[in-house]
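A.B. asks: Sending over a structure as structure tokens; questions will come in a sec.
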Amino acid sequence: MLYNSYGNMSDRGFLFLFSVLMIAAGGASAAYLVATGQAGTVDGLFLVLTALLLALVFALNMIYMLNRAMEAARGPAAQPAKAAAAAKPAKPAPVPVSQA
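For the sequence shown, my numbering assigns the number 132 to the initial residue and increments by one for each residue that follows.
See the structure below:
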């Protein structure tokens, strides 16, 4: 859901779109440097590596964000009734006290 009930974009929606933009920009920059032959120099190689690293970081962030959103949509797992009853400790038997 990119927009909240007021019609404004949510922060997660904006971050998702920004991540897509940065992945595309990093990939396009690396492709441009390779296509123009600038990647053949030492400076161009480091520019290509920096652009691809930028795209990788934003791609990993987007994957993490999508996984968290899918987990939240699934909701918590229901626990079986037996597990809930077994988790409750039983009351210990009273210990007789002797007066000596």
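Glycine included, every Cβ here is placed at the ideal spot set by N, Cα and C.
#1: Nearest-angstrom Cα distance between methionine 196 and leucine 185?
#2: Of all the alpha helix (DSSP H) runs that stay within the bounds of the region 133 to 213, which reach a length of 4 or more residues?
#3: Measuring CA to CA, which of Ala159, Ser229, Ser150 is closest to phenylalanine 189?
#4: Once the 5 residues before and after phenylalanine 147 are set aside, which same chain residues still bring their CB inside 7 Å of it?
#5: Would you report the Cα separation of glycine 175 and isoleucine 154, rounded to the nearest angstrom?
C.D. replies: Looking at the coordinates:
#1: 17 Å
#2: 142 to 166, 173 to 205
#3: Ser150
#4: Met193, Met196
#5: 19 Å
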